[in-house]
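Position 24 of the sequence shown, counted from 1, bears residue number 16 in our numbering, the numbering being contiguous throughout.
In this text, a Cβ means the ideal position worked out from N, Cα and C, and glycines have one as well.
What you are looking at is a predicted structure, and each value in this text was computed from that prediction instead of being measured.
Okay, structure first, notes after.
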Amino acid sequence: MADLIVKAAVKDALDEMNVASDFYDALDEEVQELLDDAARRASENDRKTVQPRDL
């Protein structure tokens, strides 16, 4: 699986929170699921373009 998130950006977004090393993998999996669902919805609507409403 490709890394879909940027670890430095996640760390910056969480400000002064500590981030467990396995958090990034879990977040990456969640993002992959969102993308898969959005692609499925677009496909079900006969579109090849994923749009915000697919989220």
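Element boundaries [alpha helix (DSSP H), containing residue i]
{"i": "E8", "result": "First-last for E8: undefined, no H or E at that position."}
Proximity of residue i and residue j at Cβ, strictly below 8 Å
{"i": "D20", "j": "D46", "result": "no"}
{"i": "V42", "j": "A31", "result": "yes"}
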